[in-house]
Every structure is written in structure tokens, then in C-alpha cells.
Amino acid sequence: CSYAGYVASGEEITAGIADYSEIFTVTKDLHPKDPRVLEKWPCHGPCPWLDKRMKSPMLNYMADMGSSGDKVLQLIELGLDVPQGSLTKYTQDGWHHMRVLRFPARHRTNGKGKAGRGIGSHTDYGLLVIAAQDEVGGLFVRPPQQGESFDNWKQSVAGMKEDEPGWLYVPPTPGVFTAFPGDMMQYMTNSFLQSTPHKVGLNVRERFAFAYFHEPNFRAMVKPLPGYNASQEPADGIHYGTHFTNMALRNYPTRITTTKLLEEGRYEMLSKEKLRDEMV
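Note that the working numbering numbers the sequence shown so that position 253 is 253, with each residue one more than the last.
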């Protein structure tokens, strides 16, 4: 019951409009006999590799990104002046995942979406994103704007300000990754580090990108950081596994994985003590 695997161009919807991205999602690749899979934990299962030759290079890449992700979090801890490990304690056995994306050339789409639009504007729901892109280009980010606030974990901001001024193009640079905070980072820092809205435009050539998500442990109760918790809600924390599952249900309401998760009562398991850890 995993959300790993292939996503066809036009299958994902952002703000009511089909995205043109074609995706292969890699989540934690668990053996069918792993206790969490046998106990039917939501979102846990093997990754359905399209070709067995994909497995080793992708998992090796994710392992490298995992090391880089923790180093970035350590630097953020220093910048925020919080105790060492305030962020990285959450990412031990983290629910790290990756999306391998292909975008068609703007003149070679299936017509399901909006002309020139690869992925609509959105924020990412996790902790930290590390993105790599080829030389074609198409990524746009929206830096914090005065008077502009949002909390995507409470209410979706998909499509927000998509056609308004304020977006910056991220030019492809060899050997350079793009890293930005997600919704959980915004929550933990009380919006001191705001989740970065971003979108993708189509180019005259097809484009490829990797988006790696450095995440908390599935069982973690994520809480605001020391010194950044004034009036932050919910004050008692956000259960990351529930948060991830809710985002998957929002993004893939008609998938067989969603149907199975709900019909088999897997969602209710998220409230069980075994799937929650206050100390992670």
C-alpha cells in the first residue's frame, strides 16, 4: 500500500488543472515481509521498480542526498541558534523520498493541461527539498513577499499567485542543486523560514529533474523549535505520518492505493501509539 511508482502526464492536478509532469516516485523501499508492511501500516510497501537496473543508482543517489540533507539541516540549526540536533533528530530513519520528473516540450503535450504550464504553483509538504535539473530550465520560485502569508498544512495553497508578479526564474547551473524549505520547516520555525512556493513552466525542449525530499521519521511528532513556538498552532505538534498520508489522499483521491488504504482501515492505524513517537 505504497504511493511509489509511475504517475502519467496529466494525472496530477494542481488547483484544478492537470500538470504535464510525468513522474516516477521513489518512497522507502520495504520488503514485503517487513513487519510494517505485514502490519499494513499506511503508505508502507515495496517500490515497484520499472526496471531492476534503476534500483541501485536511485537508492545510492538518495543516500548521498540524505547525507547532504542532514548537513544542510545542521547549518540551519546554527543559523537559527537552536540546540544541535533540533532538526536532525527527526530525520533518523526519515521518510525520505524522491520524484524523477520528465516534462514534455511545450508543443508536444497531451492537451490535458494549460499551455506552457508544467506544474502549477504549490509548496512542498515536507521538511527540506533538494532539487537537481538538467540544462533546459523551467523552475520558478516565489521568495517571501511582504504581507503574504499561508499555512499549507491547514489549507491548500495550490495555484496561489500563479499568474501574478513576484516569481524568479532558477537558471540551470552545472553542479548546483536548489534547496528550499517545505511546510514542516515553516511550521517548526513559526514561519521564520517560509515554505517556498514554486512552479514549473514548459520549455521548447523536454526537461528532466530530480526532486529529493528530506523528511522526518514517519512516526515523528514534529514540534516547533525552541524559541520559535510562540503562539504556533498546533502547539502539541504535527504527526508526520498523518500529514504525509493526508497529502497523498489529497493528491491521489482516485488511486487504488487510496481506496485500499481507506477500505482496509489503514488510516485509523495512524492514531495508534505504535505509529507515534514523541521523542523522535
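All residues carry an ideal CB built from backbone N, CA and C; glycine is no exception.
Boundaries cannot be given for residue 96, as no alpha helix (DSSP H) includes it and DSSP labels it neither H nor E.
Residue 22 sits in a strand when the DSSP states are folded into three classes.
Comparing alpha-carbon positions, the option among 76, 85, 102 lying closest to residue 203 turns out to be 102. In the three-state reduction of the DSSP assignment, residue 75 falls in the helix class.
Apart from the 5 residues on each side of it in sequence, residue 185 sits with its Cβ closer than 6 Å to the Cβ of 127, 193 in its chain, given in chain order. Cβ contact annotation for residue 24 (same chain, cutoff 6 Å, sequence separation greater than five): 6, 100, in chain order. For residue 198, there is no enclosing alpha helix (DSSP H); the residue is part of the beta strand (DSSP E) that begins and ends at 198 to 201. Non-local beta-carbon contacts of residue 82 in its own chain, meaning distances under 6 Å to residues more than five positions away in sequence, involve 225, 226 in chain order.
Non-local beta-carbon contacts of residue 152 in its own chain, meaning distances under 7 Å to residues more than five positions away in sequence, involve 123, 125, 183, 195 in chain order.
Rounded to whole angstroms, the gap between the alpha carbons of residue 19 and residue 117 is 7 Å. The three-state secondary structure of residue 186, taken from DSSP, is helix. The continuous stretches of beta strand (DSSP E) do not include residue 35, which lies in the alpha helix (DSSP H) extending over residues 35 to 38. Assignment of residue 178 by DSSP, reduced to helix, strand and coil, places it in the strand class. In the three-state reduction of the DSSP assignment, residue 277 falls in the strand class. For residue 88, the CB contacts under 7 Å within the same chain, skipping 5 residues up- and downstream, are 70, 73, 74 in chain order. Rounded to the nearest whole angstrom, the C-alpha separation of residue 246 and residue 177 is 28 Å. Burial is judged here by how many other beta carbons sit within 10 angstroms of a residue's own beta carbon; residue 109 has at least 16 and is buried. When the alpha-carbon of residue 236 is set against those of 208, 210, 187, the nearest one is in 187. Per the coordinates, the alpha-carbon of residue 107 lies some 29 Å from the alpha-carbon of residue 129. Residues 14, 15, 120, 121 of the same chain have their beta carbon placed closer than 7 Å to that of residue 159, with the five preceding and five following residues left out of the count. The region 130 to 138 and the region 205 to 219 touch, with three or more beta-carbon pairs separated by less than 8 Å. Counting every other CB atom within 10 Å of its CB across the protein chains shown gives residue 162 a total of 16 or more, marking it as buried. Counting only residues of its own chain and dropping the five nearest sequence neighbours on each side, residue 21 has a CB closer than 8 Å to the CB of 7, 9, 12, 101, 102, 103, 118, 119, 200.
Under the three-state reduction of DSSP, residue 6 is assigned to strand.
A direct Cα-to-Cα measurement between residue 143 and residue 39 gives close to 42 Å. When the five nearest sequence neighbours on each side are left out, the beta carbons in the same chain lying within less than 7 Å of the beta carbon of residue 113 are those of 10, 17, 18, 19, 20, in order along the chain. Between the beta-carbon of residue 180 and that of residue 43 there is about 24 Å, and that puts the pair past the 8 Å contact cut.
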